[in-house]
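Numbering (mature numbering (1 follows the signal peptide of the UniProt record, and there is no 0)), first residue to last: -37 to -1, 1 to 404.
Glycine included, each C-beta is placed from N, C-alpha and C at the ideal position.
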């Protein structure tokens, strides 16, 4: 019996040890799951997208703003009248000048895109269509169709233009280009740069296709030398230099030569054209542009100055020449009340609300502009009895800003010409009255 008892004790002890080990193993297996559950809580619900509408347009975005889609728009409707006379420069007309719906967006907080169309009559249907990568403020890459980095007034938003139409220097710089551009802001936006390679366009033009297989280089440097100064009156001074270099070769169907228009949009200079290359002037070689530019904005005062030259090799039959045209403009504006002047346009302090004593903002402005054609253009490349060799324009304008999204414009501009008529006479002076209603968001 004692032997039997001695044999049973190790067996019971073995069972208890086995049970303890099993319990310990189960606890160890359960422990990591519990710890993991404490360290990794269930993910929070994704915040809903944000939908907003306001003065800057309509937008749909993620809560963190990394993904955005915006809808903007511009509408400009004109009433245009010319001084009466037997040789009136243009037709009195109502005109839908611009109707531009615009889609803008951001993807992953790193890539922006923009598509701007123009549904107005006789306008290019696609104004802007590009994608821009912006990893840092100092370096951005833009690919597609967009404003060329040259003209000071051309780069200004069309909703901020002082006059309904561009000054004469804009006739000598490219409008929009298709290509690639590298740009950025340095030293806290004290210095900005833009340089790119493009298909190339005639002066004042916006070609979508490359018609001669050549690439045009374009660039611009613009500085605000006193932006970080403690002197407030100097912070709004901007100085810049822009230019282009390339080669252009025209054909009978695409001469690559410009048509020059006055501010009233009436043509005052064209190159000779015909049914053969012996009678038609075409681009035939190097093309250079240079444009020093400056502006100054402080409080209610705004001043802009711009000069542009365009030097191009041209050919008619076996005759060749290098022609240089030059243009300039000086404009000044003053906000009488209700807002501040800026390159991006006046933003009224208050919208029109007479019951509370708010009348929006009122701005007055004046401009002097001129363009001189190279004398060597006559008579071999242009007809002196039809094309003027010089134009000079004076104008005055008044704006009433009903809000940051609506503006009424009243302007008058007088342009005098040298040459351009039969028997060595001058083209009739153009006096244009342009009135505009503008809405934008």
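Taking only runs of the beta strand (DSSP E) that begin and end inside the stretch 189 to 251, which ones reach a length of at least 3 residues, in chain order? Counting whole runs of 3 or more residues, the stretch 189 to 251 contains the beta strand (DSSP E) stretches 200 to 212, 230 to 232.
Quick one: using the 10 Å Cβ neighbour count with 16 as the cut-off for buried, is residue 57 buried or exposed? When all chains shown are included, residue 57 counts as exposed.
Taking 8 Å as the cut-off, does the stretch 255 to 265 touch the stretch 289 to 309 (at least 3 CB pairs, one atom from each stretch)? With the cut-off at 8 Å, the stretch 289 to 309 and the stretch 255 to 265 touch.
For residue 270, I'd like the list of residues in its chain whose CB is within less than 6 Å of its CB, leaving aside the five on either flank, ordered along the chain. Excluding positions up to five away in sequence, the list reads 255, 291.
Neighbourhood of residue 385 by C-beta, 8 Å cutoff - its chain only, sequence neighbours within 5 removed: Cβ within range, chain order: 348.
Under the DSSP definition of a beta bridge, which residues are partnered with residue 322? None, per the DSSP bridge assignment.
Can you tell me whether residue 211 is buried or exposed? The criterion is at least 16 other CB atoms within 10 Å of its CB, across all chains shown. A buried status is given to residue 211, since no fewer than 16 other beta-carbon atoms sit within 10 Å of its beta-carbon.
Please report the residue range of the beta strand (DSSP E) in which residue 307 lies. Per DSSP, residue 307 belongs to no beta strand (DSSP E) and is neither H nor E.
Does DSSP put residue 390 in a helix, a strand or coil? Reduced to three states, the DSSP call for residue 390 is coil.
Using the C-alpha atoms, what's the distance from residue 362 back to residue 140? Their backbone Cα atoms lie some 31 Å apart in a straight line.
Residues near residue 97 in its chain [Cβ-Cβ closer than 6 Å; skip 5 each side]: 103.
Looking only at its own chain, which residues have a Cβ that is under 7 Å from the Cβ of residue 119, when we skip the five neighbours before and after it? Apart from the 5 residues on each side of it in sequence, residue 119 sits with its Cβ closer than 7 Å to the Cβ of 306 in its chain, given in chain order.
If you reduce the DSSP assignment to three classes, tell me which class residue -1 lands in. For residue -1, the pLDDT reaches just 46, beneath the cut-off of 50, and the residue's location in the model is therefore unreliable, although a value from the coordinates is still provided. Here DSSP, grouped into helix, strand and coil, assigns residue -1 to helix.
Let me know the secondary structure DSSP gives residue 108 once reduced to three states. In the three-state reduction of the DSSP assignment, residue 108 falls in the strand class.
Sort out for me which residues DSSP pairs residue 296 with in a bridge. Beta-bridge pairing links residue 296 to 265, 328.
Alpha carbon to alpha carbon, what distance is there between residue 43 and residue 397? When only Cα atoms are considered, residue 397 and residue 43 end up about 5 Å apart.
Could you say if the stretch 150 to 166 and the stretch 177 to 195 meet the contact criterion of at least three C-beta pairs nearer than 8 Å? With a cut-off of 8 Å, the stretch 177 to 195 and the stretch 150 to 166 count as touching, because enough Cβ pairs lie within range.
In chain order, what residues of the same chain lie with their CB nearer than 6 Å to the CB of residue 155, ignoring the 5 residues before and after it? 148, 185.
Using the rule of at least 16 other Cβ atoms within 10 Å of the residue's Cβ for burial, across every protein chain shown, is residue 354 buried or exposed? By the neighbour-count rule (16 or more Cβ atoms within 10 Å), residue 354 is buried.
Same chain, Cβ closer than 7 Å to residue 168, five either side skipped, listed in chain order: So the qualifying residues of the chain are 137, 138, 221.
Can you find a CB in chain B that lies within less than 8 Å of the CB of residue 277? In the displayed structure, chain B is absent; only one protein chain is listed.
Specify, as a first and last residue, the run of the alpha helix (DSSP H) that residue 116 falls within. First-last of the alpha helix (DSSP H) with residue 116: 115 to 118.
If you count every other CB in all the chains shown that lies within 10 Å of the CB of residue 281, and 16 or more means buried, which is it? Looking at its Cβ environment, which holds fewer than 16 other Cβ atoms inside 10 Å, residue 281 is exposed.
C-beta atoms of residue 344 and residue 277 nearer than 8 Å: It is a contact, given that the beta carbons lie within the stated cut-off.
Compute the distance between the beta-carbons of residue 376 and residue 129, then report whether it is under 8 Å. Cβ atoms of residue 376 and residue 129: not closer than 8 Å.
Helix or strand or just coil, what does DSSP make of residue 397? The three-state secondary structure of residue 397, taken from DSSP, is strand.
Grouping DSSP H, G and I as helix and E and B as strand, with all else coil, what is residue 303? Under the three-state reduction of DSSP output, residue 303 falls in the coil class, being neither helix nor strand.
On the CB-based measure, 16 or more other CB atoms within 10 Å of its CB, does residue 324 come out buried or exposed? Per the 10 Å Cβ criterion, buried.
Check this for me: beta carbons of residue 257 and residue 294, under 8 Å apart or not? It is not a contact, given that the beta carbons lie outside the stated cut-off.
DSSP three-state call for residue 345: helix, strand or coil? Annotated three-state conformation of residue 345 is coil, per DSSP.
Write down every uninterrupted run of the alpha helix (DSSP H) in the stretch 10 to 41 whose length is 4 residues or greater and which is fully enclosed by it, in chain order. DSSP runs (the alpha helix (DSSP H)) wholly in the stretch 10 to 41: none.
Applying the criterion that 16 or more other CB atoms from any shown protein chain within 10 Å of the CB defines a buried residue, is residue 29 buried or exposed? With fewer than 16 Cβ atoms within 10 Å of its Cβ, residue 29 is classed as exposed.
Between the CA atoms of residue 33 and residue 321 - distance to the nearest angstrom: If I take the Cα positions, the gap works out to 30 Å.
Buried or exposed: which applies to residue 135, given that a residue is buried once 16 or more other Cβ atoms fall within 10 Å of its Cβ? Under this definition residue 135 is a buried residue.
Any idea what DSSP makes of residue 350, helix, strand or coil? For residue 350, the three-state secondary structure derived from DSSP is coil.
Where does residue 237 land, buried or exposed, given buried means 16+ other C-beta within 10 angstroms? By the Cβ-count criterion, residue 237 is exposed, with fewer than 16 other Cβ atoms from all chains shown falling within 10 Å of its own Cβ.
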